[in-house]
Amino acid sequence: MFRLHIGSLCLVVAFCIHFGGSHSTSESVCVLSDAPQQCSAFCMAALQPLYNHCRNVRELFNILASNQTAPARRLESTLQSRPEIKPKDTVPPGFQKIGSRYFLIEENKRKSWTDAEETCREKGGHLASFRNIAEFHAVRSEVFLLSTYWLGGHRNSEDEFVTATGNKGSYIKWHLGQPNNFGGDQNCVALSLLRMLDTQCDHANHFICQLDTV
C-alpha cells in the first residue's frame, strides 16, 4: 500500500516537471495585453487541480506516517513497561552450594598447590578460603575424612597467611602445633583430618575451589 502511494507521488512530480519546465521555442507564444491580470487568472485556473492533488498527497503522507509511527510507539511503550530481565548467573559443572557460596570438592585428581589454583581459576574461581567457622564446618562436612585437600591459604613474603587472592583475615582452624613450617618450606595450607596444617606446596593433593563470581 505504501509503495502504491509512493508511485502516485512520483507521477505527480513528473507531471509538475513536464508542465513546469521550459517550453520549446517552436511552440506558439501568447501575446499578452494585460500580463498581470491575464497570467494570474490563467495560472491559477490551470494549476488549481495540481495544487489540490498535491495537498491531497501531503495529507495522505501524513496519515501514512502516523500509521507507521503508532505501532513503533506502542512497542516502545510495551518494552518500557516490562521489568528489566537480568542475565542469570551460571554455575560451572561440579560446583555445589554449601552454605551461602559455591564450592567444588575435587576428589579424583591430585595436583600441586599451584596447579590446583590454576585449575580453580580456569573454572572461574580460586582455591577455597572460609569466611567464618560456620562456612568451614559446612564444607568440612562434605569432604572425605582421610583425604588431604589444598585450600587457598599460603604464606606471603611477610610470613603471613593470606588467601589465593592475597586477602587477609580468612578463617583458619589449625591442628595442634600448626603451623610449624617444618624444614622451612611449608608455605601452603591444606585441610587434613578436618583441620588445617602447613605443608610443602609441591605435594600432590586433592583440592577445594570456591566460586567467586556467583
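Sequential numbering of the sequence shown, starting at 2, is according to my numbering. Backbone N, C-alpha and C fix where the C-beta goes; we use that ideal spot for every residue, glycine too.
Measure the beta-carbon distance from Arg132 to Tyr172 and round it to whole angstroms, keeping in mind my assumption that it falls under 8 Å. Position 131 of the sequence shown, counting from 1, holds the residue named residue 132. Position 171 of the sequence shown, counting from 1, holds the residue named residue 172. Going by Cβ atoms, the distance from Arg132 to Tyr172 rounds to 6 Å, so yes, they are a contact pair.
Less than 8 Å between the CB atoms is what I'm expecting for Phe208 and Lys124, so what's the real figure, rounded? Residue mapping note: residue 208 aligns to position 207 of the sequence shown, counting from 1. Residue mapping note: residue 124 aligns to position 123 of the sequence shown, counting from 1. Rounded, the Cβ-Cβ distance is 11 Å, inconsistent with contact.
When burial is assigned at 16 or more other CB atoms within 10 Å of the CB, is Thr200 buried or exposed? In the sequence shown, counting from the first residue as 1, residue 200 sits at position 199. With 16 or more Cβ atoms within 10 Å of its Cβ, Thr200 is classed as buried.
When every heavy atom of the ligand MG is checked, does at least one fall within less than 7 Å of the C-beta of Arg132? The ligand MG is absent from the structure shown, which contains no ligands of any kind.
Output needed for Gly184: all residues of its chain with C-beta closer than 8 Å, excluding positions within five of it in sequence on either side, in chain order. Reading the sequence shown from its first residue, position 183 is the one you call residue 184. Gln201, listed in sequence order.
When DSSP labels each residue in this structure, what does Phe145 get in the three-state scheme? By one-based count along the sequence shown, residue 145 stands at place 144. The answer is coil: DSSP assigns Phe145 none of H, G, I, E or B.
Starting from Ala117, trace the alpha helix (DSSP H) both ways and give me its first and last residue. Residue mapping note: residue 117 aligns to position 116 of the sequence shown, counting from 1. Per DSSP, Ala117 belongs to the alpha helix (DSSP H) from 114-123.
Taking Lys174 as the reference, give the member of Ser130, Glu118, Ile106 with the closest Cα. For the purposes of this step, residue 174 is taken as residue 173 along the sequence shown, with counting starting at 1. Minimum Cα distance to Lys174 is reached at Ser130.
How many whole angstroms separate the CB atoms of Asp213 and His127, which I take to be in contact at a CB cut-off of 8 Å? Here the question's residue 213 lines up with position 212 in the sequence shown. Here the question's residue 127 lines up with position 126 in the sequence shown. Going by Cβ atoms, the distance from Asp213 to His127 rounds to 6 Å, so yes, they are a contact pair.
Under the three-state reduction of DSSP, which class applies to Phe207: helix, strand or coil? In the sequence shown, the residue the question calls residue 207 occupies position 206. In the sequence on display, residue 207 carries His and not Phe. In the structure shown, His207 sits in a strand (DSSP, three-state: E or B).
Note down the Cα distance separating Ala47 from Asn53, rounded to an integer number of angstroms. Numbered from its first residue, the sequence shown carries residue 47 at position 46. Numbered from its first residue, the sequence shown carries residue 53 at position 52. Whole-angstrom Cα-Cα distance: 11 Å.
Expressed to the nearest angstrom, what Euclidean distance is found between the alpha-carbon atoms of Val92 and Gln211? In the sequence shown, counting from the first residue as 1, residue 92 sits at position 91. In the sequence shown, counting from the first residue as 1, residue 211 sits at position 210. Going by the C-alpha atoms only, they are around 11 Å apart.
Tell me the rounded alpha-carbon separation between His176 and Met197. Indexing the sequence shown from 1 puts residue 176 at position 175. Indexing the sequence shown from 1 puts residue 197 at position 196. Distance between the alpha carbons of His176 and Met197 is about 6 Å.
In DSSP terms, what His155 is bridged to: Indexing the sequence shown from 1 puts residue 155 at position 154. Paired residue(s): Val163, Cys189.
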